[in-house]
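>
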Amino acid sequence: MSAYPAAATTPSGKARPHTKHKVNWVVTVVLLLVGIVFILGPLYLAVVVALKTPSQMINPLSWPEHIRWQNFADAWTATNFPTNFRNTAFITVVTLVFTIFTNSMAAYAIARNRRSNKFFNGMYFYFLSALFIPFNILMLPLAKLTSDLHMGTIIGLTVLYISMGLPMNVFLYERFISKLPTALDEAARIDGASTFQTFWHVIFPLMKPMHACVGIMTFMWTWNDFLMPLIVLPAADPNQQTLQLAQYTFQNPYNTNFNLAFASAVMVMLPIIAAYVVMQRWIIAGVTEGAIK
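Set out below in C-alpha cells:
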C-alpha cells in the first residue's frame, strides 16, 4: 500500500487537477500597510513629540530639528516616576498572580459542579450577568464603598482589580475547563489526590493557554487603567498614585504640556514593550497551543 494519498478522481475515472489557492497580493499589502500605520503611527507620533521643544510643535509629525532629551528628565521628576512605577508594578504583579490562581480555582469549582449543583450553576450565571453591567454605573457606589471601608490605598485598589476581573476570567476559564475530560479528575481521586491536589497538579498545568490569555488581558488592564485609580486613590497623597494617574500633572485648565506628557507616556510604554520582548516566546506558545487544541 502506498504511503501517499490517492489522487482525487472525477466520476469518469480521470484524475482531478489540483486547485491552487491564489493570494490577492493587492489586498494583502493594503491591509499590511493599514496595520503598520495604525500600530506604528501612534508610536512614532509619541516619540517625535517627546523629543521636541514647545516651539517645534507647529508640525507635530515632522522629525525634531533639535532633539531635547531633557523632556524625559523633566517628566521623570514631574511624575515622581520611581514611586509611581513601584506602585503600578506592585498592583500589576500582585493582581496578575492572584487573578490567575484564584479565578482559575473558582472556575474549576463551577465547571465541575454546575451541572449537578444548583448553587454552582447559580454562581455561574451570577458572574455571567456581571459582564453586562457597565463600569460607569458602578463608579459612584464604588467610590462610596471604598471610602467607607478605608480602601483608598494601593492594597485596596489591588483587591478591587482581582475581584472585578472575576466575571470575565471565570467565564473564560470555565469554558476551557469544561472541555477537559472528567476522567482526569477521577484518575487523580483513585490515586488518592484531594480536590485541591487534583486542581493544582492535574488541571492547572493544562490551562497554560488560558493562563496566557487571562494574563495578557490582566496585565494590560491593570498597567494602563486610569479611571479606577482616579476614583479610588486619594489625589492629595503623592505616594498613593500610579503612573497613569500622574499624567494629570501635565494638564491644567489653561494649557497642556504635550512634550512632557508624551515623554512620560513613552517611559510608561517601555516596560510593556520590554515585557513582551522577553516573554513573547511563552505568550505566543500559550496562545498557539490553545488554538491547536
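In my numbering, the protein residues as written are 195 to 487. Idealized CB from N, CA, C, for every residue including glycine. Owing to the predicted nature of the structure, the values given are computational and were not obtained by experimental measurement.
#1: Pull up the DSSP beta-bridge partners for glutamine 445, would you.
#2: Looking only at its own chain, which residues have a Cβ that is under 7 angstroms from the Cβ of isoleucine 261, when we skip the five neighbours before and after it?
#3: Could you check how far apart the C-beta atoms of asparagine 274 and alanine 440 are, in whole angstroms? I think they sit under 8 angstroms.
#4: My assumption, with CB atoms under 8 angstroms, is that leucine 237 sits in contact with leucine 255. Please give the rounded CB distance.
#5: Any idea what DSSP makes of aspartate 268, helix, strand or coil?
#6: Are the CB atoms of leucine 360 and phenylalanine 321 nearer to each other than 8 angstroms?
#7: Whole angstroms are fine: how far does the CA of leucine 437 sit from the CA of threonine 286?
#8: Taking just the CA atoms, how far does isoleucine 425 sit from alanine 267?
#9: With the cut-off set at 8 angstroms, would you say histidine 395 and alanine 406 are in Cβ contact?
#10: State the DSSP-derived secondary structure class of glycine 484, mapped to helix, strand or coil.
#11: Among Leu427, Leu290, Asn418, Asn433, which one has its Cα closest to the Cα of leucine 464?
#12: With distances taken Cα to Cα, identify the nearest neighbour of lysine 373 among Thr340, Phe444, Arg306.
#13: Secondary structure at lysine 246, three-state DSSP: helix, strand or coil?
#14: Reducing DSSP to helix, strand and coil, say where glutamine 391 ends up.
#15: Kindly indicate which residue of Ser458, Phe413, Asn449, Glu368 has the alpha-carbon position closest to the one of valine 288.
#16: In whole angstroms, give me the CA-to-CA distance for asparagine 451 and valine 460.
#17: Under 8 angstroms between the Cβ atoms of tyrosine 318 and glutamate 368?
#18: Name the residue from Val408, Phe292, Phe456 whose alpha carbon lies nearest to the alpha carbon of methionine 251.
#19: Taking the CB atoms as reference points, tell me whether leucine 421 and glycine 346 lie closer together than 8 angstroms.
#20: Return helix, strand or coil for proline 276, following the three-state DSSP convention.
#21: Kindly indicate which three-state DSSP category isoleucine 466 falls into: helix, strand or coil?
#22: Which full runs of the alpha helix (DSSP H) of 4+ residues lie inside the stretch 316 to 370, going along the chain?
#23: Return the first residue and the last residue of the alpha helix (DSSP H) that methionine 299 is part of.
If we stick to the structure as given:
#1: Thr450
#2: Leu245
#3: 7 angstroms
#4: About 13 angstroms; that fails the 8 angstroms criterion.
#5: helix
#6: yes
#7: 12 angstroms
#8: 28 angstroms
#9: no
#10: With a pLDDT of 47 at glycine 484, under the threshold of 50, the predicted position of this residue should be treated as unreliable, though the coordinate-derived value follows. It is helical.
#11: Asn418
#12: Arg306
#13: coil
#14: helix
#15: Phe413
#16: 14 angstroms
#17: yes
#18: Phe456
#19: no
#20: helix
#21: helix
#22: 329 to 342, 348 to 358
#23: 298 to 307
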